[in-house]
Amino acid sequence: MKKVSLFLASAVAGLALMTGAASTQSASAAEVTHDGDTTTYTISLGETLSQIARDNHWDTDFLAKFNHILNPDKIFAGQKLTMKDDGETQDVKIPLPFGASIQASVPSQENVAQAQGTIDKVSEVVNNPSQISSALQTLINRESGNNVNASNGDYFGLGQLSSALRSTYGGNSTDYNDQLQAMKGYIADQYGSDEAALAHHDAYGWY
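The sequence shown maps to residues -29 to -1, 1 to 178 in mature numbering (1 follows the signal peptide of the UniProt record, and there is no 0).
Next up, the structure:
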């Protein structure tokens, strides 16, 4: 009977000692160190990643990715976590499947400038449907002085087209775009390009 009591007393004492040790360990303060703009946090027994993130005003998912933790529910006492104090994300490395890789290239300033130039040209065309070449503008200036109401006998408008040509290509109204498209249609059929039409005008005084 005494032996049983002694055994029970020893077991209870041992359990109390273990419980006390565990309580002491779980209650110990976490170790936090700072190095420049990076904080290192040592996980204590019983802590969870979401709790650590919440207590330090961090995002749980970002904290997991920053520390290469695939399963946020599996962290261990003594494990160290790091986080940039300013919240920057460019150093985050997300684990990839074996053999996978990510390749990224940064465009050069020259490529950026070329892309911007293309965008500007497209924008100019979209926003200015009446855009014309310098050769065509020269012809318009010579023929009508850019006046949609200019007339000379049977010839009328920007391109001074005859009534016969206007019946084919349009341009009978005083609408600038209407007259411009009529002139362009005539030049395309007759000369193939604005430059060829201007060259003919240079040579003969008409087109």
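Think of the CB as a built atom: it goes at the ideal place given N, C-alpha and C, for glycine as much as any other residue.
Between residue i and the rest of its own chain, which residues show a CB-CB distance below 8 Å, the 5 nearest in sequence each way excluded?
| i | result |
| --- | --- |
| residue -3 | In this prediction, residue -3 scores a pLDDT of 38, lower than 50, which makes its location untrustworthy; no coordinate-derived value is stated. |
Report all residues from its chain with a CB closer than 6 Å to the CB of residue i; omit the five preceding and five following residues, and keep chain order.
| i | result |
| --- | --- |
| residue 9 | 53, 55 |
| residue 65 | Note on residue 65: pLDDT 48, under 50, position unreliable in the model; the coordinate value appears next. Same-chain partners within the cutoff: 36. |
| residue 162 | 168 |
| residue 117 | 111 |
| residue 147 | 119 |
| residue -5 | Confidence in residue -5 is poor, its pLDDT being 39 and thus under 50, which makes the residue's placement unreliable; the coordinate value appears in the next sentence. Once the five neighbours on either side are set aside, the close Cβ partners of residue -5 are 16. |
Let's see if you can read the secondary structure: which residues bound the beta strand (DSSP E) around residue i?
| i | result |
| --- | --- |
| residue 179 | What is shown of the chain runs -29 to 178, which leaves residue 179 out entirely. |
On the DSSP bridge assignment, give the partners of residue i in chain order.
| i | result |
| --- | --- |
| residue 3 | 12 |
| residue 126 | 123 |
| residue 132 | 127 |
Would you mind reading off the limits of the alpha helix (DSSP H) that contains residue i?
| i | result |
| --- | --- |
| residue 103 | Counting along the chain, residue 103 falls outside any alpha helix (DSSP H), and DSSP gives it neither H nor E. |
| residue 151 | 147 to 161 |
Taking residue i as the reference, which of the options has the closest Cα?
| i | options | result |
| --- | --- | --- |
| residue 133 | 154, 174, 37 | 154 |
| residue 104 | 46, 128, 166 | 166 |
| residue 171 | 110, 116, 26 | 110 |
| residue 11 | 50, 129, 21 | 50 |
| residue 130 | 178, 83, 6 | 178 |
| residue 150 | 124, 107, 164 | 107 |
| residue 113 | 176, 27, 34 | 176 |
Might you give, ordered along the chain, the residues of its own chain that have their beta carbon closer than 7 Å to the beta carbon of residue i, omitting 5 neighbours on each side?
| i | result |
| --- | --- |
| residue 61 | Only weak support exists for where residue 61 lies, its pLDDT of 38 falling under 50; the coordinates are left without a value. |
| residue 29 | 54 |
| residue 143 | 137 |
(message) Just to confirm the assignment: which complete beta strand (DSSP E) runs, minimum length 3, are found wholly within the region 23 to 60?
(response) Listed in chain order, the complete beta strand (DSSP E) runs (minimum 3 residues) inside the region 23 to 60 are 51 to 55.
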